[in-house]
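Peer 1:
Residue numbers (the numbering used here): 9 to 171.
1. Tell me the DSSP secondary structure of residue 93 in three-state form.
2. Could you give the DSSP three-state label for residue 165: helix, strand or coil?
3. Out of 71, 61, 17 and 66, state which residue places its alpha-carbon closest to the alpha-carbon of residue 46.
4. Determine the extent of the beta strand (DSSP E) in which residue 145 is found, giving its start and end residues.
5. Give the single residue among 91, 105 and 138 whose Cα lies nearest to the Cα of residue 62.
6. Where residue 143 and residue 115 are concerned, what is the direct C-alpha to C-alpha distance, given to the nearest angstrom?
7. If I follow the unbroken beta strand (DSSP E) through residue 198, where does it start and stop?
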């Protein structure tokens, strides 16, 4: 069994307001670059992307937030390349500790429509299931691929967690 630890260390810490501004193209850094990772470390992204790209039978992702355009682009490409691949995505209620916002729903819709299913045929879209349990907070960040690769940690499927 191979086990690997992966981290995301941004070059800058981005404030909560900065994260929303970043989605609109603005960046609001709140610190100096890290001395030991001046350009940041993006190991979660570096291991997640190839794992999704190599999926053959299924991808299962359970996450608190699904609005990473990049992750959905990776899944879209994997579905295009493999006619046997099925994808199951599970999300739940917004964390009660987070401030309620319509922005979260908007970001998910944009990511799904413009990245996850963009350009896919109806048959390809039928192999993707996006499920929501509106009775529970899904706070896990778990990915399972083909019973041979798994990731569990604190990185959400959102830009803030990848960068």
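A virtual CB, placed ideally from N, CA and C, is assigned to each residue, including glycine.
Peer 2: A quick look at the data gives this:
1. The sequence position of residue 93 within the chain shown is 85, counting from 1. Correct three-state label for residue 93: coil.
2. Here residue 165 is taken as the residue at index 157 of the chain shown, counted from 1. Looking at residue 165 - three-state DSSP - the assignment turns out to be strand.
3. Numbered from its first residue, the chain shown carries residue 46 at position 38. With distances taken between Cα atoms, residue 46 lies closest to 17.
4. Reading the chain shown from its first residue, position 137 is the one you call residue 145. From DSSP, the beta strand (DSSP E) with residue 145 extends over 136-145.
5. For this step, residue 62 is matched to residue 54 along the chain shown. It is 91 whose Cα lies nearest to the Cα of residue 62.
6. The sequence position of residue 143 within the chain shown is 135, counting from 1. The sequence position of residue 115 within the chain shown is 107, counting from 1. Taking the straight line joining both Cα atoms gives about 21 Å.
7. This structure cannot speak to residue 198, because the chain is shown only from 9 to 171.
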